[in-house]
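K.L.:
Provided herewith is a single structure, encoded as structure tokens, for subsequent inquiry.
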Amino acid sequence: MIKLRLKRFGKKREASYRIVAAVSTSRRDGRPLEELGFYNPRTDEVRLDEEGIIRRLQQGAQPTDTVRGILTKQKIFEKING
Numbered sequence: 001m002i003k004l005r006l007k008r009f010g011k012k013r014e015a016s017y018r019i020v021a022a023v024s025t026s027r028r029d030g031r032p033l034e035e036l037g038f039y040n041p042r043t044d045e046v047r048l049d050e051e052g053i054i055r056r057l058q059q060g061a062q063p064t065d066t067v068r069g070i071l072t073k074q075k076i077f078e079k080i081n082g
């Protein structure tokens, strides 16, 4: 199963995350299938590859709870259903 989840990077205590498509059994920071965006929780900065995310969701990828919240704030699900 493919999951849309966060991959941690950055310095200790200054984490940022990449939103990636990865096989659900792979490690958190393992090699992803595709990088689809960026999220910085300290500044709430979000950059997304909307076309790539929509394509992966239509192929059946399941977002984690955190990624689902980010996508909801960015109104990605409305673009799929609308």
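In terms of UniProt numbering, the sequence shown opens at residue 1 and continues consecutively. No residue lacks a Cβ here, since even glycine has one placed at the ideal position from N, Cα and C. Treat the numbers as computed from the prediction; the structure is a model and nothing was measured.
(1) Would you grab the beta carbon distance between residue 23 and residue 7 for me? Rounded to a whole angstrom, and I think it's under 8 Å.
(2) Assign residue 70 to one of two classes, buried (16 or more other C-beta atoms within 10 Å of its C-beta) or exposed (fewer than that).
(3) Leaving out five residues before and five after residue 5 in sequence, what residues of the same chain have Cβ atoms less than 7 Å from its Cβ?
(4) Pick from 41, 77, 2, 60: whose alpha carbon is nearest that of residue 18?
(5) In chain order, what are the residue ranges of uninterrupted alpha helix (DSSP H) at least 4 long that sit wholly in the region 25-82?
(6) Among all the DSSP beta bridges, which residues are the ones paired with residue 5?
(7) Can you tell me the Cβ-Cβ gap for residue 53 and residue 30, rounded? I've got them flagged as a contact below 8 Å.
P.N.:
To lay it out plainly:
(1) Taking the first residue of the sequence shown as position 1, residue 23 is located at position 23. Taking the first residue of the sequence shown as position 1, residue 7 is located at position 7. Their Cβ separation, rounded to whole angstroms, is 13 Å, which puts residue 23 and residue 7 out of contact at 8 Å.
(2) Here residue 70 refers to the residue found at position 70 of the sequence shown. Result: buried.
(3) Residue numbering aside, residue 5 sits at position 5 when the sequence shown is read from its first letter. Contacts found: 20, 22, 64, 67.
(4) Here residue 18 corresponds to residue number 18 of the sequence shown, with the count starting at 1. The candidate whose alpha carbon is nearest that of residue 18 is 41.
(5) Within the region 25-82, the complete alpha helix (DSSP H) runs of at least 4 residues are 50-58, 65-73, 76-81.
(6) As a position in the sequence shown, residue 5 is number 5, starting the count at 1. Bridge partners of residue 5: 20.
(7) Residue numbering aside, residue 53 sits at position 53 when the sequence shown is read from its first letter. Residue numbering aside, residue 30 sits at position 30 when the sequence shown is read from its first letter. The pair is not a contact, with the Cβ atoms about 20 Å apart (cut-off 8 Å).
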